[in-house]
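So for the sequence shown, the working numbering puts the first residue at 81; every next one is plus one.
Here a beta-carbon is modelled for each residue, glycine too, at the ideal position from N, C-alpha and C.
Remember, it's a predicted structure, so these values are computed and weren't measured experimentally.
Okay, structure first, notes after.
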Amino acid sequence: MNIKQLKPTESELEILRVLWERGEATVRDVHEELSKTKDAGYTTTLKLMQIMHEKGMVKRDESSKTHKYTPLISREKTQKQFVGKMIDTLFQGSSSQLVMQALGNHKASKEELDEIQKLIDNLKQQ
């Protein structure tokens with residue numbers, strides 16, 4: 081399967097978030113992190129990571145007894161894919177409607193607003 085076409089499920093995204101933060105992790109590492117916020121069974125986490133390996137979302141290092149997993153899809157590409165689909169389907173192609181909705185429903189920090197302003201300024205100069 082082409083990596084560009086991979087659309088992780090919600091559970092796969094939770095696992096990917098852990099791997100993106102850590103760079104690499106064992107099933108136990110991922111399971112312990114997920115268990116902090118939800119009731120996740122170890123065997124469920126193991127099975128999901130095996131499926132993700134089969135799909136080509138993660139790489140598995142089998143050189144030691146404890147297998148380590150690393151993400152093969154980047155956070156940035158995954159975010160772009162999901163945001164692009166959201167803009168097309170929920171906001172009829174209008175990125176401004178997405179931004180207004182996001183800023184209207186989430187209190188952005190001063191730092192976030194400064195970053196957004198820099199992005200807007202750069203886009204205006206192009």
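Report, in whole angstroms, the separation of the C-beta atoms of residue i and residue j, which I expect to be a contact under 8 Å.
i, j, result
"T106", "K165", "Not really, about 32 Å apart at Cβ, beyond 8 Å."
"T125", "V110", "6 Å"
"M137", "L114", "Not really, about 16 Å apart at Cβ, beyond 8 Å."
Can you look up residue i in the DSSP assignment and give me helix, strand or coil?
i, result
"A105", "strand"
"K148", "strand"
"M81", "Unreliable positioning characterises M81 in this predicted model, as indicated by a pLDDT of 45, which lies under 50. The coordinate reading is nonetheless provided below. Coil, per DSSP."
"K87", "coil"
"K187", "coil"
"T169", "helix"
"T158", "helix"
What do you get for residue i, buried or exposed, if any count of 16 or more other CB atoms within 10 angstroms of its CB means buried?
i, result
"H186", "exposed"
"I200", "exposed"
"L170", "exposed"
"A120", "buried"
"T218", "Nothing about residue 218 can be reported from this structure: the residues present for the chain run from 81 to 206 only."
"V163", "exposed"
Just to confirm, are residue i and residue j a CB contact at a threshold of 8 Å?
i, j, result
"E104", "L128", "no"
"L178", "I196", "no"
"T158", "P88", "yes"
* **Unbroken stretches of the alpha helix (DSSP H), 4 residues or longer, contained in the segment 119-145** => 122-135
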